[in-house]
Amino acid sequence: MFGLDAPTLAGFVLAAGALVLVPGQDTVVVLTRGLRAPRIGVAAALGVATGVLGHATAAALGLAALYRAIPAVARGIALVGAAYLCYLAVETLRDDAFVASEEAHADGADEAGPGVRAGYRRGLLTNAANPKVALFFLAFLPGFAGGADATGGMLLLGAVYAVLTVLYLGAVGALAGRAGRLLEDPRKRRGVRVVSAGVLVVLAGVLVVGAA
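Everything in the sequence shown is counted per this note's numbering, starting at 29 for the first residue and increasing by one.
Below, the structure is given as structure tokens:
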């Protein structure tokens, strides 16, 4: 489908799943809304997934246009993407985003109110306004979709990532009490970050090999 074989799609699901598990800004927004009511947490998760789809679509269409205009740029983007993924790996190890975001959102305040619609908007805006998410998809999708002439593949992978996001964050929102206790354990958060950083480094290596 869209030029993606089963092993490539399976590899993407494993890599994306590991990255979705990293406790970060989106996780905290969903968690704090879920503590109010499970349905609000799930709505926030749907908002985050909508933001993911937007970023993935923009990345896929933008890269496709760039590849058509300058075919030789694909190798350069792959190498820049590999460098950025290594940077993300270092940041993942150094920065416990959950703690920082937890302190900033300790009261779970939402100017628009505590309802389901407000939860969805908060999740959407938090993800859509994060430039790191856009840069991540620019680096992440081409390595699996094959670069040029792979717009459909990148869109499909973006949709898969959004589905994984809503499945995981939806569970976080619905089970906010238990999820909060899990994420409060520094050792467990550290373990997740180490695994995710390792996945990012492996992906960077895949990009470099593919660009060679």
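Every residue, glycine too, gets a C-beta built ideally from N, C-alpha and C.
Look up Lys216 in the DSSP assignment and say whether it is helix, strand or coil.
Counted from its first residue, the sequence shown places residue 216 at position 188. Under the three-state reduction of DSSP output, Lys216 falls in the helix class.
In the DSSP assignment, find the alpha helix (DSSP H) that holds Val56 and state where it starts and stops.
Within the sequence shown, residue 56 is the residue found at index 28, counting from 1. Note, Val56: alpha helix (DSSP H), Gln53 to Arg64.
Does DSSP put Gly98 in a helix, a strand or coil?
Numbered from its first residue, the sequence shown carries residue 98 at position 70. Checking the sequence shown, residue 98 turns out to be Ile, not Gly. Judged by DSSP in its simplified three-state form, Ile98 adopts coil rather than helix or strand.
Could you check which residue in Leu163, Ala199 and Arg217 has the C-alpha nearest to that of Leu91?
Residue mapping note: residue 91 aligns to position 63 of the sequence shown, counting from 1. For the residues Leu163, Ala199 and Arg217, the minimum Cα distance to Leu91 belongs to Leu163.
Taking just the CA atoms, how far does Ala106 sit from Leu47?
As a working note, residue 47 is residue 19 in the sequence shown. As a working note, residue 106 is residue 78 in the sequence shown. Counting only the Cα atoms, Ala106 lies some 19 angstroms from Leu47.
State yes or no: is the C-beta of Ala201 within less than 8 angstroms of the C-beta of Gly69?
Counting from 1 along the sequence shown, the entry for residue 201 is found at position 173. Counting from 1 along the sequence shown, the entry for residue 69 is found at position 41. Before going further, note that residue 201 is Gly rather than Ala in the sequence given. In this structure, Gly69 lies closer than 8 angstroms to Gly201 by Cβ.
Where do the ends of the alpha helix (DSSP H) carrying Leu169 lie?
For the purposes of this step, residue 169 is taken as residue 141 along the sequence shown, with counting starting at 1. Boundaries of the alpha helix (DSSP H) around Leu169: Pro159 to Ala173.
Span separating the alpha-carbon of Val118 from that of Tyr112:
Indexing the sequence shown from 1 puts residue 118 at position 90. Indexing the sequence shown from 1 puts residue 112 at position 84. Approximately 10 angstroms, taken between the alpha carbons.
Within this structure, are the beta carbons of Ala167 and Gly109 separated by less than 8 angstroms?
The residue given as residue 167 occupies position 139 in the sequence shown. The residue given as residue 109 occupies position 81 in the sequence shown. Closer than 8 angstroms, so yes.
Within this structure, are the beta carbons of Leu89 and Thr179 separated by less than 8 angstroms?
Position 61 of the sequence shown, counting from 1, holds the residue named residue 89. Position 151 of the sequence shown, counting from 1, holds the residue named residue 179. Judged by their CB atoms, Leu89 and Thr179 are nearer to each other than the 8 angstroms cut-off.
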